[in-house]
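The opening residue of the sequence shown carries number 522 in our numbering; numbering runs sequentially from there. We treat Cβ as the ideally placed atom computed from N, Cα and C, and that holds for glycine. On a predicted model such as this, the values are computed, not experimentally measured, just so you know.
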Amino acid sequence: MSKILKAMAFAVAVSAGGAGAAQAEEGLYYGAALGLAKSESESAGIGMTEGNDMTFGVVLGYRMEYASGTSVAIEGTYDGTSRNLMTSVGVPTDACTDWSPDWCEVHTIARIRGVYGTTLSNGIEVLSMAGIASVAGLAEDGPGNYVDTTATGFTLGVGGQKPVGNGMLRVELVYDRFEGSEPGDYEKNLDILSLRTVFTF
């Protein structure tokens, strides 16, 4: 978690370091994202796993502006990860070693969400986000059975953005929650907290 906080401080410092002529405008926008994600998985009454990943993603959205200085957007994001193997909590073993039927790796995270923005007097736009999400990765679904797994859930986020160069630089903190999975012979959930830096045009 300390790495996430350090990255957040760095990204905020970069975004505050200079102004540009670009402004967020109504219409279609797209961009790329770089981030850090912390994942935690728990199976009912059996065990927990946790892990950290770098994330690399894309974003595509459509933005509508209002005279009040607010904006609304519908946005899709897709993040791939560094696919680091998670570790078992309280047990000195890697995940997917028959300890508990939890998630072992997170491979991709996709989101469709609404974004509400309010522009402050200093030109920074404060953002809040909510929507649905899906995740794919590797999980244990019984002793010795390590399978490609998917799940759906919800996503919430907060962030801020400002003009930089010819685009918009955004820093956001995103929480994704997934309950159940497919295949799902064993009940498990997955929580992902991501710090994302996004540059859009």
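About 7 Å separates the beta carbon of Tyr696 from that of Gly678, a gap short enough to meet the 8 Å contact definition. Secondary structure at Thr614: coil, using DSSP grouped into helix, strand and coil. In the same chain as Leu711, and ignoring 5 residues on each side of it, the C-beta atoms closer than 7 Å to its own belong to Ser560, Ser562, Trp624, Val656, Ala672, Phe699, in chain order. For Pro684, the beta-bridge partners assigned by DSSP are Met689. By alpha-carbon distance to Met689, the top candidate from Val719, Gly701, Gly658, Gly665 is Val719. Taking a C-beta distance under 9 Å as the contact criterion, Ser621 and Thr670 do not qualify as a contact pair.
Note on geometry: alpha-carbon atoms of Leu714 and Gly582 lie some 22 Å from one another. The three-state secondary structure of Gly665, taken from DSSP, is coil. Looking at the backbone, the Cα of Ala594 and that of Val647 are separated by about 13 Å.
An exposed status is given to Met585, since fewer than 16 other beta-carbon atoms sit within 10 Å of its beta-carbon. With at least 16 other beta carbons inside 10 angstroms of its own, Pro684 counts as buried. Asn710: member of the beta strand (DSSP E) spanning 709 to 721, first to last residue.
With respect to the C-alpha of Thr721, the residue from Gly566, Glu547, Val580, Glu661 having the closest C-alpha is Val580.
Around the beta carbon of Leu659, 16 or more other beta carbons lie within 10 angstroms, which makes this residue buried. Under a 10 Å Cβ-count criterion, Thr639 is classified as exposed, with fewer than 16 other Cβ atoms of the shown protein chains found around its own Cβ. In the DSSP assignment, Tyr583 falls within the unbroken beta strand (DSSP E) covering 568 to 586.
Around the beta carbon of Ser609, 16 or more other beta carbons lie within 10 angstroms, which makes this residue buried. In this structure, Val636 lies near Met650, with their beta-carbon atoms less than 9 Å apart. The DSSP-derived three-state label of Ile645 is coil.
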